[in-house]
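*Asks:*
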Amino acid sequence: MAMVILAAVFGAALFLLMKVLHVWNVNARAAIMVNYAVALALAWAMAAPVVFEAIGSIWLSAMVIGAAFTGIFLLSARSTQLAGVAPTTVAGKLSMIIPVLAAVALRGDRPGTLAWAGIALAMVGMVFTAILAMNLLP
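Once you know that position 62 of the sequence shown is 52 in the numbering used here, the rest is easy, because the numbers rise by one and skip nothing.
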């Protein structure tokens, strides 16, 4: 349970930090790239010795995943700056629905009633958060 709480705290801190970058006039793209450079250096320093022949076949997929993460961070930073922390956080959590829908469409998986109810409630929550973020309610 402690790890779940820590993950939620650090996830929220990430979006808050992206909002503060805009307030401090820090280029979010540069900050994200520096983040990746520091993460690479720390991972390289802390990881066990690597046998490059053993990982030769995964370089392409690792580069695609790295590029995707960079894109996600850039989009999250931009969304946080434009829409705010709450809608961006909710949209980020709502993105967990995409793999479920892909499994239904591509693999024929059939989630139970409770899972569908959870997906529906998450969608309703996202709509209400967007409405509140756009100040459409009195």
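Even glycine gets a Cβ: it sits at the ideal position worked out from N, Cα and C.
(1) Looking at residue 55 and residue 87, is the spacing between their C-beta atoms short of 7 angstroms?
(2) Keeping to the same chain, check which residues put their C-beta closer than 7 angstroms to that of residue 99; ignore five residues upstream and five downstream.
(3) State the start and end residues of the unbroken alpha helix (DSSP H) segment that holds residue 89.
(4) Counting along the chain, where does the alpha helix (DSSP H) carrying residue 50 start and finish?
(5) Tell me whether the stretch 16 to 27 and the stretch 59 to 69 touch, counting them as touching only if at least three CB pairs, one residue from each stretch, are closer than 8 angstroms.
(6) For residue 5, count the other beta carbons within 10 Å of its own beta carbon; 16 or more makes it buried, fewer makes it exposed. Which is it?
(7) Report the residue from 19, -1, 0 and -4 whose alpha carbon sits nearest the alpha carbon of residue 69.
*Replies:* From the atom records:
(1) no
(2) 93
(3) 87 to 92
(4) 49 to 73
(5) yes
(6) buried
(7) 19
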